[in-house]
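With the first letter of the sequence shown counted as 1, position 461 gets the number 461 in full-length UniProt numbering; the numbers rise by one all the way through. Just so it is clear, CB atoms sit at the ideal spot from N, CA and C, and this is done for glycine as well. Quick caveat: nothing in here was measured; it's all calculated off a predicted structure. Notes to accompany the following structure.
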Amino acid sequence: MVNGLLMRYVHLPVNVGPARTVTVPVVPPPYVETVLHFCHRDLLSSHLGLTKTIEKVRRHAYLPGWRKDVAEFVRECAKRGGGKGPRPWTSGRMQRMPVADLTGPFSLLVVDAVGPLPETERSNKYILVFVDYFTRWAEAFAVAALDSITFVDAMVNGVVARHGVPSRLLSDNGRNFTSEVAKAFYQTLGIRKLFGAAYHPQTQGLVERFNGILIGMLRMHVDEAQTDWDVYLPRVLFACRSAYHEALGDSPFFSLYGRDPVLPLDVAFLNLGKKWKSNEVAQYRRELYRSMRDSRHLVERQLIKAQDRHEQRLRDQVEVNFEIGEQVWVYQFFRAKRGENRTKKLAFSWHGPYRVLDKVGENAYRIDIPSHPNKVVTVNVNRFKKFRGRWTRPFMDEIPEGIVEEEAEGEDGPLEETDLPPSSYTERLTLGAEDTAVVGTETPLLEVVAKRVVNRAAGYLVLTANYETFWLPRAALIPV
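Structure (structure tokens):
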């Protein structure tokens, strides 16, 4: 017990060194939703995936039946479902990075640039990203340009001043990484420069994968104009660094520092870990050294295992099937309208949900378009992912208590789906090599699911194509 709160010992599985044990609070039922929110939707978590969210909850709280709750909470997060996840391309053969060549943290640094993005109020348009191959620790800096001076300045002040000089630096052949200024910088600090095309057949795949994760997490928070992404960058970085990494078997934060970070959730439940006194500094240093040494050995073994697992996955790809009537997300190519200051990198890639009508051949399905009931589209399966959402429950539960449900008379009779107006704006979306479809982009209405009468005025509970519900008066639903 700590301050009247029941605590629980949790043993974290490790492959190297002594087992790690942490003390976490047993969360009372009224606070379960709050804990799940902080571990998934909060800015310092930024809609992490299922595996990372499970590991985050495990390290900071205990909930009865928590694995099932976490899985349901993450899968029902509609914002994550529509905004995150790459298009499911089939990967080629993986090329191994020689792990044995890594001597420790920041022995090999990978650098890449993201952008241009919409210009922010601070005039930033790009992100310079540095990732340590050994610990997966990432540094990212919002910059206004990608010239060599900006690159050198970011690396000196943001990387070298914090972590020391890396032994090797891997990049593509961008002019900012190969200029005379950059070459002089490498020579001065004794950095061996590697270029992706020659050194790694898939270039700097590690940092490119991280870029996709970073952009996906920023997408969860930016405003509609996408001009405030640099405000969220530091906190999204923290979410990445403190999240469980499958290849490491732990978080990049622990792999680098040998300890876990203290999160706001820990402070809320007074779970601050072991307390050290001033006369125990020597003992703390010894334990920290052992912890960091063990984490280095763990990282080396886990990196090799992760490469083996990835190769096995590529060999054992299985057929993906969808059931008739099942709801799916569909990958949408981004196409900004003329004059729009938006970018594909921060736009939602997955649209829907759409309903599967039937299967065509081995790898294609027909789907219906809610905003255009007469339109049927054939889509290749590699543009699908399963839709899971809490809006599949009965919508009658959404009706406020104390409201009398009744049918309005005369002209206020119940609406049919055919009475609903079409989307006010449409764009053409390519879904396959052979076919196209017109899809509404302003959340068209899907159907009326309930009705109420308040002060003799009829109101209707409507369901949108994004499976959100809200009440509208009849006048708002009559086609013009």
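Item	Value
Please state whether DSSP places D112 in a helix, a strand or coil.	strand
DSSP puts residue 507 in a beta bridge; with which residues?	Nothing in the structure corresponds to residue 507, since the chain is present only between 1 and 480.
If you drop the 5 nearest sequence neighbours on each side, which residues of the same chain put their C-beta closer than 7 Å to that of K193?	L169, Y186
Buried or exposed for G459, please, with buried defined as at least 16 other CB atoms from any protein chain shown within 10 angstroms of its CB.	buried
How would you write the range of the alpha helix (DSSP H) that residue 530 sits in, first residue to last?	With the chain covering 1 to 480 only, the question about residue 530 has no answer from this structure.
Have a look at V328, L189, V262 and flag the residue whose alpha-carbon is nearest the alpha-carbon of V24.	V262
Going by C-alpha distance, which of Q327, S107, G164, K183 is nearest S148?	K183
By the DSSP assignment, the alpha helix (DSSP H) with R122 in it spans what residues?	No alpha helix (DSSP H) contains R122, which DSSP labels as neither H nor E.
Using 8 Å as the threshold, is the C-beta distance between Y133 and V110 below it?	yes
Please state whether the Cβ-Cβ distance between R122 and D260 is less than 8 Å.	no
In the DSSP assignment, find the beta strand (DSSP E) that holds residue 519 and state where it starts and stops.	Here the chain comprises residues numbered 1 to 480, so residue 519 is not present and cannot be evaluated.
Take S349 as the anchor and find which of Y365, Q332, V360 has the nearest alpha-carbon.	Q332
Quick one: residues in its chain with C-beta nearer than 6 Å to the C-beta of S179, no 5 flanking neighbours on either side, listed in chain order?	S148
Between the Cα of V360 and those of Y232, F322, R209, spot the shortest distance and give me the residue it belongs to.	F322
Look up N380 in the DSSP assignment and give the residues it is bridged to.	A364
Should T443 be labelled buried (16 or more other beta-carbon atoms within 10 Å of its own) or exposed?	Confidence is the limiting factor: at T443 the pLDDT is only 46, short of 50, which leaves the residue's position unreliable and the question unanswerable from this model.
If you measure between the beta carbons of V207 and D358, is that distance less than 8 Å?	no
Kindly list the residues whose CB is nearer than 6 Å to the CB of H351, restricted to its own chain and excluding five residues on each side of it in sequence; keep chain order.	V330, Q332
I324: buried (16+ other C-beta within 10 angstroms of its C-beta) or exposed?	exposed
Consult DSSP for G459 and reduce its assignment to one of helix, strand or coil.	strand
DSSP on A230, reduced to helix/strand/coil?	This sequence places Asp at residue 230; Ala is not what is there. Helix.
At the level of alpha carbons, what is the spacing between T378 and A457?	42 Å
Spatial neighbours of T150 within its chain, please: CB distance less than 8 Å, with the 5 preceding and 5 following residues excluded, ordered by chain position.	L128, V143, A144, N176
Using the Cβ count rule (16 or more neighbours within 10 Å means buried), how would you classify L161?	First, the amino acid is wrong: residue 161 is Ala here, not Leu. By the 10 Å Cβ count, A161 comes out exposed.
Going straight from the alpha carbon of residue 482 to that of L237, what length do you get?	The shown model of the chain, from 1 to 480, leaves out residue 482, and the question about it has no answer.
In this structure, does DSSP put Q327 in helix, strand or coil?	strand
Could you compute how far the alpha carbon of V381 sits from the alpha carbon of H245?	29 Å
Under 8 Å, do V156 and F130 count as touching if we go by C-beta distance?	no
Flag this pair as yes or no: are the beta carbons of V114 and V152 separated by less than 8 Å?	no
Candidates R355, R366, L256: which alpha carbon is nearest S107's?	L256
Can you look up P473 in the DSSP assignment and give me helix, strand or coil?	strand
Where does L63 sit, in a helix, a strand or coil, going by DSSP?	coil
In three-state DSSP terms, what is L357?	strand
Since residue 524 and I215 should fall inside the 8 Å C-beta cutoff, what is the C-beta to C-beta distance between them, to a whole number of angstroms?	Residue 524 is absent from the structure shown; the chain starts at 1 and stops at 480.
Given this structure, state the Cα-to-Cα distance separating F384 from H163, to the nearest angstrom.	42 Å
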